[in-house]
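For the sequence shown, my numbering assigns the number 800 to the initial residue and increments by one for each residue that follows.
For glycine and all other residues, C-beta sits at the position ideal for the given N, C-alpha and C.
Structure first, commentary second.
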Amino acid sequence: MKKDLLSLLDLEKEDFEILFKRAIQLKERYAKGILDKLLTGKTLGLIFDKKSTRTRIAFETAMIQLGGHPIYMSTQDTQISRNEPAKDTARVLSRYIDCLAMRTFDHSLVEEFAKSSTIPVINALTDSFHPCQILSDLMTIIEHKGGYEGIKIVWVGDGNNVANTWINAASVLDLDLTVASPQGFEIDAHIIKAASADKKSHIRFTNDPRDAVKNADVVYTDVWASMGDEHELSERIEAFKGFQVNKALLSLARKDVLTMHCLPAHRGEEISEDVLEDKNSVFWDQAENKRHMHKAILEKLILKN
Ligand code: CP
Ligand code: NVA
800 MKKDLLSLLD
810 LEKEDFEILF
820 KRAIQLKERY
830 AKGILDKLLT
840 GKTLGLIFDK
850 KSTRTRIAFE
860 TAMIQLGGHP
870 IYMSTQDTQI
880 SRNEPAKDTA
890 RVLSRYIDCL
900 AMRTFDHSLV
910 EEFAKSSTIP
920 VINALTDSFH
930 PCQILSDLMT
940 IIEHKGGYEG
950 IKIVWVGDGN
960 NVANTWINAA
970 SVLDLDLTVA
980 SPQGFEIDAH
990 IIKAASADKK
1000 SHIRFTNDPR
1010 DAVKNADVVY
1020 TDVWASMGDE
1030 HELSERIEAF
1040 KGFQVNKALL
1050 SLARKDVLTM
1060 HCLPAHRGEE
1070 ISEDVLEDKN
1080 SVFWDQAENK
1090 RHMHKAILEK
1100 LILKN
């Protein structure tokens, strides 16, 4: 595995398999009360320039449970907010901590940090990608469906950072992925181009959510206005009419369809209340699995094993 985890295109299929296996193993061991203090004496820094509940707490608890320490830094509390350059901050932090998780707007900032750091840098969400999310989501699919091969995954909603990450995962793992977005809110062409040409044969794009979800094993959605896009919400509510994941839409999918959402969810917008409370919705497993997957990622990057 590379030094950093900035995008899922940084991973080979083998890396995905190692992380899934290890995260599932660490989850089982934790459930049995076995404490794997693998990162004793190690420190994870978290620089977050956007809000977070799950990713932050999953990283912090993962680090603590592995015997290490997390240090959370809001960008506003650091000299970054007073324009200390990324390349200087990265070099300084590399002298204090063993790994850095960053959540920010522009993806180029995490790339800049990774370039100047001697420690691993993890993308904890940027405007472009959310790699740790999709790793734990695929782990959840493996737990519920026994694997991801032959599983029809359908994205219903905005062509955003989480959707981009599904494209990356699909291109490395050759997933059966269908992306349904309203006109004007599709995945950017450069993301599709960057997904390796020979393997994206099973990725399909459409503006018709009803057609997309036919025979779906997994239907995944996310907010219509991501962090940073909130000012466009009313325009987006108009544009996304027909894209709500509700019982009527899911009736077109397979009977045992899993409904997924990275959360936070906006009830009555991208998802209906009854779907949120449905037994086939696995949002809470997704949220839990972030902690186990983050452990596997931290172990891999910090211990380089
Ligand atoms: N899914 C996710 O990344 O949630 P948070 O924004 O709460 O971290
Ligand atoms: N697309 C959402 C994901 C939040 C976890 C956002 O970027 O706000």
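Residue i: CB within 7 Å of a non-hydrogen atom of the ligand CP
| i | result |
| --- | --- |
| H929 | yes |
| R853 | yes |
| Q878 | no |
| L1062 | yes |
| L804 | no |
| Q932 | yes |
Beta strand (DSSP E) segment containing residue i, residue limits
| i | result |
| --- | --- |
| I952 | 951-955 |
| Y1019 | 1017-1020 |
| S873 | 868-873 |
| M938 | Careful: M938 lies outside any beta strand (DSSP E), inside the alpha helix (DSSP H) at 930-944. |
| H989 | No beta strand (DSSP E) contains H989, which is instead part of the alpha helix (DSSP H) from 988-993. |
| T1005 | 1002-1005 |
| R902 | 898-902 |
Through-space distance from residue j to residue i, alpha-carbon basis
| i | j | result |
| --- | --- | --- |
| A923 | C931 | 7 Å |
| T842 | S893 | 11 Å |
| K1078 | L1057 | 9 Å |
| R821 | E1034 | 43 Å |
| K850 | P1063 | 11 Å |
| L804 | L810 | 8 Å |
| D1028 | I833 | 42 Å |
| T888 | M1026 | 24 Å |
| E816 | G866 | 25 Å |
| S927 | L934 | 16 Å |
| R828 | R881 | 44 Å |
| K1089 | E911 | 25 Å |
| I1101 | D835 | 15 Å |
| K951 | V978 | 11 Å |
| D814 | H1001 | 21 Å |
| K956 | G840 | Per the sequence shown, the amino acid found at residue 956 is Gly instead of Lys. Looking at the two C-alpha atoms, the distance is approximately 42 Å. |
Heavy atom of the ligand NVA within 7 Å of residue i beta-carbon
| i | result |
| --- | --- |
| V978 | no |
| M1092 | no |
| N960 | yes |
| L808 | no |
| L924 | yes |
| D1021 | yes |
| M1026 | yes |
Own chain, CB closer than 7 Å to residue i, minus 5 neighbours either side, in chain order
| i | result |
| --- | --- |
| L1051 | R1009, V1012, K1013 |
Enclosing alpha helix (DSSP H) for residue i [first to last residue]
| i | result |
| --- | --- |
| D975 | Taken as a continuous stretch (DSSP letters only), D975 belongs to no alpha helix (DSSP H), being part of the beta strand (DSSP E) at 975-979. |
| V1074 | 1072-1075 |
| N963 | 960-972 |
| H1091 | 1082-1102 |
| R1035 | 1032-1038 |
| R1066 | Premise fails: R1066 is in no alpha helix (DSSP H) and is neither H nor E. |
| L1049 | 1046-1049 |
| V909 | 906-915 |
Cut-off 6 Å between Cβ atoms - residues of its own chain near residue i, not counting five sequence neighbours on either side
| i | result |
| --- | --- |
| D1084 | T939 |
| T903 | D848, T925 |
| A988 | none |
| C1061 | Q932, V961, D1021 |
Beta-carbon contacts of residue i that lie in its chain and below 8 Å, excluding the five residues immediately before and after
| i | result |
| --- | --- |
| N1104 | E1098 |
| S1071 | Q1043, V1044, N1045, K1046 |
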